[in-house]
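Asker: One structure follows; several queries about it will come next.
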Amino acid sequence: MTPALRQNLTLAVLVLTGINMRPLLTSIGPLLPDIRAASGMSYTLAALLTALPVIAMGVLALAAGWVDRYIGQKRSIALSLLIIAAGALLREIAPNSGLLLTSALAGGIGIGIIQAAIPAVIKHLFPRRTPLVMGLWSAALMGGGGLGAAFTPWLASHSAAWHDALAWWALPALLALLSWLAICRHLPRAPHQTSASSRVAIIGQRRAWTLGLYFGLINAGYASLIAWLPPYYIQLGDSAQYSGSLLALLTVGQTAGALLLPALARQEDRRQLLLLALALQLIGFCGFIWLPEHFLCALGHCLRRGVGRGVSSVPGAGAGSRRTTGGGRQAGSLYAGDRIYHRRSVALAFRPAA
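This is how it looks when you write it as structure tokens:
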């Protein structure tokens, strides 16, 4: 296999892997009324279906160095895809609140391990194209979320039961697993990871905590939309397919923002860009509050909110691409842990009106 062909195939497998990172979360919202009716879950308990995976991702993001050293990049990705597929298949046994929560936690663990390992994998395999590949990875991740939101209601309408639609998402995870195992044999050995003592400690830096708070608040809004945007529109009288399509539209905006990463990452001063992103998100949220029932308005709210969120994540992705040098891993871990805390809090706090 030529080096060029190997890189292209590896990139395709990474994109396929990224697509599997969000359907676990975004497939829940459009079916939440059916899930609650069948399982008897309260809104607070149902919120854990989104919050538990996010908590698991945060914990494992903080353990990124341990994952690299003791599991290894290749094995960690294969193991994670297997766990994600198992979590999706576990939902086939539903309705049962305990099994649903277990599947959410299992999927979150799988996603968390991959997200902890992937920046180092990309930097190792694509040293000259790291920003571009990180942008494609982010776009695949967000696009997968859109697929989960848009296609799950359709799958539910063409399946015998709603939980069949959730279990179908094991198939792309298994496909990604088989593809990764096939390409792994042709990949170069990962470099030995440096010890924690050789990295720069940043926990005591004020700027690190300020950035952590910034990213945490941004991702808290994202978590609230994943968990409650589809149920919100279903409560307004729209169908599960319509509400899922709106959430998918949100990810279209995110994907557009992520694809701008390679160009935006070259700019040193990104403050004006971040202010623009925050303004877009604020406009989108205000639209959801005051003009939720007009289709074109909802379309605009989703796109503005999505582009704003995608662009505002540029610095985080840039830090991730540098995670294997200096204090990058610690910075990325602090950012991830803080955003997970805010996501969990907001996902649990908000719910549709009774």
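UniProt numbering puts the first residue of the sequence shown at 1, with every later residue one more than the last. Every residue, glycine too, gets a C-beta built ideally from N, C-alpha and C.
Pull up the CB-CB distance for P231 and G244, whole angstroms please, since I reckon it's below 8 Å.
Answerer: Rounded, the Cβ-Cβ distance is 11 Å, inconsistent with contact.
Asker: Got a sec? Which residues, its chain only, sit under 6 Å from V121 by beta carbon, not counting five neighbours each side?
Answerer: Close CB contacts of V121 within its chain, under the 6 Å cut and outside five residues either way in sequence, are with Q73 (chain order).
Asker: At a cut-off of 7 Å, would you count G145 as near the ligand ADP, judging by its Cβ distance to the nearest heavy atom?
Answerer: For the ligand ADP, the structure offers nothing, since it holds no ligand at all.
Asker: To the nearest angstrom, report how far apart G143 and R207 are at their CA atoms.
Answerer: 31 Å
Asker: Are there 16 or more other CB atoms within 10 angstroms of the CB of G40, so buried, or fewer, so exposed?
Answerer: It is exposed - the Cβ of G40 has fewer than 16 other Cβ atoms within 10 Å.
Asker: With the cut-off set at 8 Å, would you say A88 and A227 are in Cβ contact?
Answerer: no
Asker: Between the C-alpha atoms of A12 and A161, what's the straight-line distance to the nearest angstrom?
Answerer: Spanning the two alpha carbons is a distance of roughly 33 Å.
Asker: Under three-state DSSP, which class holds P188?
Answerer: Three-state result, P188: coil.
Asker: Measure how close the beta-carbons of L16 and A85 come, nearest whole angstrom, since I'm counting them as under 8 Å.
Answerer: Wrong, their Cβ atoms sit about 13 Å apart, outside the cutoff.
Asker: Count the C-beta pairs between the stretch 112-119 and the stretch 149-156 that are closer than 8 Å, then say yes if the count reaches three, no if not.
Answerer: no
Asker: With contact counted as at least three CB pairs below 8 Å, one residue from each stretch, are the stretch 87-101 and the stretch 164-182 in contact?
Answerer: Per the Cβ contact rule, the stretch 87-101 is in contact with the stretch 164-182 (3 or more Cβ pairs under 8 Å).
Asker: Is it the case that the Cβ atoms of residue 441 and G148 are separated by a distance below 8 Å?
Answerer: An answer regarding residue 441 cannot be provided, because it is not within the stretch 1 to 354 covered by the chain.
Asker: Enumerate in chain order the residues of its own chain whose CB-to-CB distance from Q233 is below 7 Å, with the five nearest sequence positions on each side excluded.
Answerer: The question names Gln, yet the displayed sequence has Tyr at residue 233. Answer for Y233: Y242, S243 and L246, listed in chain order.
Asker: Using CA atoms only, rank isn't needed, just tell me which of L52, A106 and P119 is closest to G18.
Answerer: P119
Asker: CB-CB under 8 Å to P95, same chain, minus the five flanking residues each way: which ones, in chain order?
Answerer: Excluding its 5 nearest sequence neighbours in each direction, P95 has C-beta neighbours in its own chain below 8 Å: I35, A38, S39 and H163, listed in chain order.
Asker: Give me, in chain order, the residues of the same chain whose beta-carbon lies closer than 6 Å to that of G107; leave out the 5 immediate sequence neighbours on both sides.
Answerer: L24, P53, I84 and G87
Asker: Could you tell me which of P33, G65, R69 and A277 sits nearest to Y214, measuring between CA atoms?
Answerer: A277
Asker: For T2, name the three-state secondary structure that DSSP assigns.
Answerer: coil
Asker: Given this structure, state the Cα-to-Cα distance separating P30 from A240, to the nearest angstrom.
Answerer: When rounded, the distance between both Cα atoms is 5 Å.
Asker: Going along the chain, which residues of its own chain have a beta-carbon closer than 6 Å to the beta-carbon of H186, five neighbours each way excluded?
Answerer: Within the same chain, H186 has close Cβ partners M1 and R6.
Asker: Note the first and the last residue of the continuous alpha helix (DSSP H) segment covering Y43.
Answerer: It spans Y43 to L62 - the alpha helix (DSSP H) in which Y43 sits, taken as one unbroken run.
Asker: Give me the residue from L141, G287, L236 and L273 with the minimum Cα distance to T251.
Answerer: Among L141, G287, L236 and L273, the Cα nearest to that of T251 belongs to L141.
Asker: CB-CB under 8 Å to A78, same chain, minus the five flanking residues each way: which ones, in chain order?
Answerer: L177, W180, L181 and C184
Asker: Could you tell me the boundaries of the alpha helix (DSSP H) in which M134 lies?
Answerer: T130 to S157
Asker: Report yes if the CB atom of A221 is closer than 8 Å to the CB atom of F288, and no otherwise.
Answerer: The amino acid at residue 221 is misidentified as Ala; the sequence shows Gly. No.
Asker: Spatial neighbours of V67 within its chain, please: C-beta separation below 8 Å, excluding the five flanking residues on both sides.
Answerer: L60, S76, I113, A116 and A117
Asker: Which residues in the same chain as L9 place their Cβ atom closer than 7 Å to its Cβ, once the five residues preceding and following it in sequence are excluded?
Answerer: Closer than 7 Å at Cβ, skipping near neighbours: I183.
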